[in-house]
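2 protein chains.
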Amino acid sequence: MTESSPTPAPGDRIAFDDPDYRAAVVDLLAVISYGELVAFERLAEDARSAPSLAAKVDLATMAAAEFDNVLRLNQRLSELGADPYAAMEPFREPLDAFHQHTAPADWLESLVKAYVGDGLARDFYAEIAAFLDVDTRDLILSSMERTQHSEFVVEHVRAAIAADPRVGGRLALWGRRLMGEALTQAQGVAAQRDALSALLAGGIDRPGMDLAALGRMFSRLTERHARRMADLGLAH
Amino acid sequence: MTESSPTPAPGDRIAFDDPDYRAAVVDLLAVISYGELVAFERLAEDARSAPSLAAKVDLATMAAAEFDNVLRLNQRLSELGADPYAAMEPFREPLDAFHQHTAPADWLESLVKAYVGDGLARDFYAEIAAFLDVDTRDLILSSMERTQHSEFVVEHVRAAIAADPRVGGRLALWGRRLMGEALTQAQGVAAQRDALSALLAGGIDRPGMDLAALGRMFSRLTERHARRMADLGLAH
Chain Y
1 MTESSPTPAP
11 GDRIAFDDPD
21 YRAAVVDLLA
31 VISYGELVAF
41 ERLAEDARSA
51 PSLAAKVDLA
61 TMAAAEFDNV
71 LRLNQRLSEL
81 GADPYAAMEP
91 FREPLDAFHQ
101 HTAPADWLES
111 LVKAYVGDGL
121 ARDFYAEIAA
131 FLDVDTRDLI
141 LSSMERTQHS
151 EFVVEHVRAA
161 IAADPRVGGR
171 LALWGRRLMG
181 EALTQAQGVA
191 AQRDALSALL
201 AGGIDRPGMD
211 LAALGRMFSR
221 LTERHARRMA
231 DLGLAH
Chain G
1 MTESSPTPAP
11 GDRIAFDDPD
21 YRAAVVDLLA
31 VISYGELVAF
41 ERLAEDARSA
51 PSLAAKVDLA
61 TMAAAEFDNV
71 LRLNQRLSEL
81 GADPYAAMEP
91 FREPLDAFHQ
101 HTAPADWLES
111 LVKAYVGDGL
121 ARDFYAEIAA
131 FLDVDTRDLI
141 LSSMERTQHS
151 EFVVEHVRAA
161 IAADPRVGGR
171 LALWGRRLMG
181 EALTQAQGVA
191 AQRDALSALL
201 AGGIDRPGMD
211 LAALGRMFSR
221 LTERHARRMA
231 DLGLAH
């Protein structure tokens with residue numbers, strides 16, 4: 001440890017001495033980074049079909065913010081001695097599959113997907129971040145902030161439902177499909193990545209989650225999903 | 001003029017008192033901004049088909065840098081009392097036409113287009129910026145900086161030609177086509193936007209270009225285009 005690198009808190013140093021902990025953090029930062037990279041591409045693609053120049057610039061602003069997070073997460077991966085691209089590799093298939101199975105049919109489905117999908121990811125990663133050292137937790141939580149995003153989407157979706165109430169029914173179904181597909185893919189990732197699963201189970205000096213705690217986490221995620229659907233004017 | 005806004009240099013204040021000058025600057029910032037917005041979309045699209053995650057992140061980095069310029073240019077347009085989106089509107093058709101007529105057939109054509117097309121635009125706007133007040137000139141010149149971009153493209157294109165020399169012939173033709181299409185569209189814009197043409201012709205307190213000077217500018221643009229083609233290992 002040189003003088004120029006920040007001194008970690010004692011608990012953090014112990015945490016990173018545990019190779020399983022380090023592997024779990026690398027996995028987590030990499031899956032978030034790849035997720036943001038794909039989100040960048042998706043939002044930039046949506047910007048192409050935006051109905052106005054102003055909406056185009058709003059979407060491109062979101063896309064650029066996602067990409068800024070990719071660079072910060074990759075920098076941290078490099079600091080941890082990991083190759084960011086190699087670390088992302090195991091998550092390409094499940095995340096690409098999620099997006100293939102939830103290709104939006106139109107501009108409104110894109111907006112709902114951005115809002116509901118990113119919200120779910122944010123909540124899920126925030127739950128996991130609670131188990132991590134403070135530096136990693138702060139990095140993850142700051143990567144997840146996107147208020148500007150939210151207002152823009154809520155406004156557009158509510159206006160579309162006001163103009164044609166049938167749109168609400170279709171988008172409500174779409175929101176449920178997004179939730180189902182996200183759970184399917186998350187389950188697949190958890191089954192394949194031992195370090196990530198072990199993180200939730202706890203370790204030396206670190207509390208974990210028992211089945212009851214996992215159940216409570218799942219309830220919180222579902223509740224917040226329902227609240228987001230309600231924000232958009234959609235029945236859960 | 002309030003105390004919080006920067007005091008312009010005397011020459012600049014005179015310049016913006018001239019409504020034709022202000023109209024020309026609004027046109028110029030708007031065409032550059034729309035050009036960078038389209039470049040953002042194009043690079044983000046290219047990132048989707050990048051052959052590796054590392055190349056994907058390189059292209060997305062360029063895309064995000066282009067978009068950052070859009071926000072800065074739009075901010076300046078707003079400061080000048082213009083609606084950035086309305087100001088961009090007249091340039092959508094010619095710029096979209098340029099991109100429709102020069103849709104890259106593959107990844108290498110994308111790279112050459114990014115390098116050669118952006119280089120041409122940069123040189124052209126830098127020539128015009130020489131006629132402008134210092135704040136506008138600095139904003140335009142700083143929007144045009146992209147060294148990182150260049151190295152990445154040169155490396156990829158040279159490697160592809162080394163692997164298969166026939167690629168060089170095809171890409172050399174492609175570079176000539178890009179130059180021809182850019183001139184066609186630029187001519188169309190100049191014919192339609194009186195304020196921009198008047199800027200080149202000069203005004204009160206501002207030197208302009210006579211036909212001989214226009215000819216020399218055109219030679220400089222062609223020379224630099226040839227140098228860029230050579231950088232890529234392509235015959236002009």
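So the sequence lines, in the order shown, correspond to chains Y and G.
Using the numbering used here, the first residue of the first sequence is number 1, and each one after it goes up by one.
Using the numbering used here, the first residue of the second sequence is number 1, and each one after it goes up by one.
Positions of the beta carbon are idealized from the N, C-alpha and C atoms, including for glycine.
Check                                                                                                                        : Outcome
Chain Y contacts made by the stretch 144-175 of chain G, where a contact means CB separation under 9 Å                       : none
In chain order, each alpha helix (DSSP H) run of at least 4 residues that lies wholly inside the stretch 67-141 of chain G   : 84-101, 107-129
Rounded straight-line distance, which links the Cα of G:S49 to that of Y:E155                                                : 32 Å
Proximity of G:A129 and G:P84 at Cβ, strictly below 8 Å                                                                      : no
Residue-chain proximity (Y:V26, chain G), Cβ-Cβ < 8 Å                                                                        : no
Buried/exposed call for Y:V25, threshold 16 Cβ in 10 Å                                                                       : buried
For G:R177, the first and last residue of its enclosing alpha helix (DSSP H)                                                 : 166-192
Close Cβ partners of Y:N69 (< 7 Å) along its chain, the five nearest in sequence each way excluded                           : E36, S143
C-alpha distance - Y:A114 paired with Y:A201, whole-angstrom precision                                                       : 30 Å
Interface positions of the stretch 37-59 of chain G facing chain Y (Cβ-Cβ less than 8 Å), listed along the chain             : L37, F40, E41, A44, E45, A47, R48, S52, L53, A54, K56, V57
Straight-line Cα distance separating G:V153 from G:P165                                                                      : 17 Å
Buried or exposed (CB count within 10 angstroms, at least 16 for buried), G:R228                                             : buried
Any chain Y beta carbon closer than 8 Å to G:E223                                                                            : no
Run of the alpha helix (DSSP H) containing G:D18, from where it starts to where it stops                                     : Careful: G:D18 lies outside any alpha helix (DSSP H) and carries neither H nor E.
C-beta neighbour in chain G for Y:V70, strict 8 Å                                                                            : yes
9 Å Cβ cut-off: residues of chain G touching Y:G226                                                                          : Residue identity differs from the one stated: residue 226 of chain Y is Ala in this sequence, not Gly. What Y:A226 touches in chain G: nothing, since even the nearest Cβ is about 33 Å away.
G:A30 - DSSP class collapsed to helix/strand/coil                                                                            : helix
Backbone CA spacing between G:L73 and Y:D17 [nearest angstrom]                                                               : 48 Å
Inter-stretch contact (C-beta, 8 Å, three-pair minimum) for the stretch 90-104 of chain Y and the stretch 165-181 of chain Y : yes
Against chain G: residues of the stretch 84-102 of chain Y by CB proximity under 7 Å                                         : Y85, M88
Assigned exposure category for G:L211 - 16 Cβ within 10 Å defines buried                                                     : exposed
G:G175 burial status per 10 Å Cβ neighbour count (16 or more: buried)                                                        : buried
Beta carbon of G:A44 nearer than 8 Å to that of Y:A63                                                                        : yes
Nearest-angstrom Cβ-Cβ length linking G:A190 and G:L199, presumed shorter than 8 Å                                           : Their Cβ separation, rounded to whole angstroms, is 10 Å, which puts G:A190 and G:L199 out of contact at 8 Å.
Nearest neighbour of Y:L171, chosen from Y:G233, Y:S33, Y:R92, Y:A60 [CA to CA]                                              : Y:G233
Where G:G215 falls: helix, strand or coil (DSSP)                                                                             : helix
Sequence-distant residues of the same chain with beta carbon closer than 7 Å to G:G208, five excluded per side               : L200, A201, G202
Cβ shell of Y:L59 (< 7 Å), same chain only, five flanking positions each side left out                                       : L43, D46, A47, A50
Proximal residues of chain B, C-beta to C-beta of G:F67 below 7 Å                                                            : Of the protein chains in this structure, namely Y and G, none is chain B.
Option nearest G:L173 by Cα separation, candidates G:S78, G:E109, G:S219, G:A160                                             : G:E109
Three-state class that DSSP yields for G:S197 in the structure shown                                                         : helix
Reduced DSSP secondary structure (H/G/I, E/B, other) of G:E45                                                                : helix
Inter-residue Cα distance where the pair is Y:P306 and Y:R177                                                                : This structure cannot settle anything about residue 306 of chain Y, because the visible part of chain Y is limited to 1 through 236.
Distance CB(Y:R76)-CB(Y:L139) smaller than 8 Å                                                                               : yes
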